[in-house]
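Enquirer: Dropping the structure in here first, questions after.
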Amino acid sequence: MRTPIIAGNWKMNKTLPESVAFVKELAPALAPYTSVERVVGPTYVALAAVSEALSGTDIAVSSQGIHWEDEGAYTSQIAPVMIQDLVTYAIIGHSECRAYLGETDEEVNKKARAALAHGIKPIIAVGESLEQNEAGETSSFVGGQVRAALEGISAEDMPKVVIAYEPIWAIGTGKSASGEIAQNIIGGTIRAVLIDLYGDEVAQKIRIQYGGSVKPDNMAEYMSQPDVDGALVGGASLKVDAFTELVKIAA
Ligand code: PEP
0 MRTPIIAGNW KMNKTLPESV AFVKELAPAL APYTSVERVV GPTYVALAAV SEALSGTDIA
60 VSSQGIHWED EGAYTSQIAP VMIQDLVTYA IIGHSECRAY LGETDEEVNK KARAALAHGI
120 KPIIAVGESL EQNEAGETSS FVGGQVRAAL EGISAEDMPK VVIAYEPIWA IGTGKSASGE
180 IAQNIIGGTI RAVLIDLYGD EVAQKIRIQY GGSVKPDNMA EYMSQPDVDG ALVGGASLKV
240 DAFTELVKIA A
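As structure tokens, this is what we get:
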């Protein structure tokens, strides 16, 4: 009943011309797989051109971040009003933003609320470090991140929210969590928190992705898990063939 969503996080890759050329090749390749929501996440500088290149297709565009204010003295940041006509989604709370840009749980929450207020759907990333994982703290840590991110977000808005479980130790490392581990955290922790906060009916509508070294050869394992509703993909989203294969497997 939940439409799978596969989102590509391009990170700091592809120039403006490369981004446009890429989506022009990607769009026809992804066109047949309408049962899957397909999303690309270019850099800020390419958002307008990619959005224009994809107009008339059903492929959605995501920004890789967002600020919570409408304007002001926030050097390097992008306000929701500046991208609200270009994107459907915004990735918030990615572990690289938490680690390198100091994005806190409180900021993740402010950004998620600001996105929703501007008609942008947040993809909220959560996940534990290797140390936390080895210390058996995954469930409590990830559950806490989810609760903090969703503070003040109404049940009515929740179906617009996507959550991505991305264990930090699996991002860009080639070490992926098994399907069983992903299911345990996504179903046993994240969806359980959503049920606690919003009740079963709302919680069952919310899509939860797995992210962390997702590749064509492990995608089927994730998609066969009952609570995994797609993937947030870094490396494999940069190649037309690999990203198309992921979408095809999810379809
Ligand atoms: C990501 O950037 O969100 C990610 C999961 O990267 P990768 O697929 O390369 O591990």
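Numbering of the sequence shown is given in numbering that gives the first Met the number 0, commencing with residue 0 and proceeding in unit increments.
Cβ coordinates follow ideal geometry from the N, Cα and C atoms, glycine included.
As the structure is a computational prediction, the values presented were derived from the model and not from experiment.
When you compare each of 5, 14 and 20 to residue 34 by their alpha carbons, which one comes out closest?
Expert: Of the candidates 5, 14 and 20, the one whose C-alpha sits nearest the C-alpha of residue 34 is 5.
Enquirer: Under the rule that 16 or more other beta-carbon atoms within 10 Å means buried, what is residue 238, buried or exposed?
Expert: Under this definition residue 238 is an exposed residue.
Enquirer: Is residue 210 near the ligand PEP, with its Cβ less than 7 Å from a heavy atom?
Expert: True, at least one ligand heavy atom lies under 7 Å from that Cβ.
Enquirer: Rank 176, 31, 105 and 119 by C-alpha distance to the C-alpha of residue 212 and give the top, closest one.
Expert: Selected option, being the one with the closest Cα: 176.
Enquirer: Which residues in the same chain as residue 186 place their Cβ atom closer than 7 Å to its Cβ, once the five residues preceding and following it in sequence are excluded?
Expert: Contacts found: 225 and 226.
Enquirer: Kindly indicate which three-state DSSP category residue 70 falls into: helix, strand or coil?
Expert: In this structure, residue 70 counts as coil in the three-state DSSP scheme.
Enquirer: In chain order, which alpha helix (DSSP H) runs of at least 4 residues are fully inside the region 86 to 114?
Expert: With a minimum length of 4 residues, the continuous alpha helix (DSSP H) runs that stay inside the region 86 to 114 are 94 to 99.
Enquirer: Is any heavy atom in the ligand PEP found nearer than 7 Å to the beta carbon of residue 235?
Expert: Under cutoff, so the answer is yes.
Enquirer: Just to confirm, does residue 165 get its C-beta within under 7 Å of one of the non-hydrogen atoms of the ligand PEP?
Expert: Yes, the ligand PEP has a heavy atom inside 7 Å of this Cβ.
Enquirer: In its own chain, which residues sit with a C-beta less than 7 Å from the C-beta of residue 174, not counting the 5 before and 5 after it?
Expert: The residues are 168 and 212.
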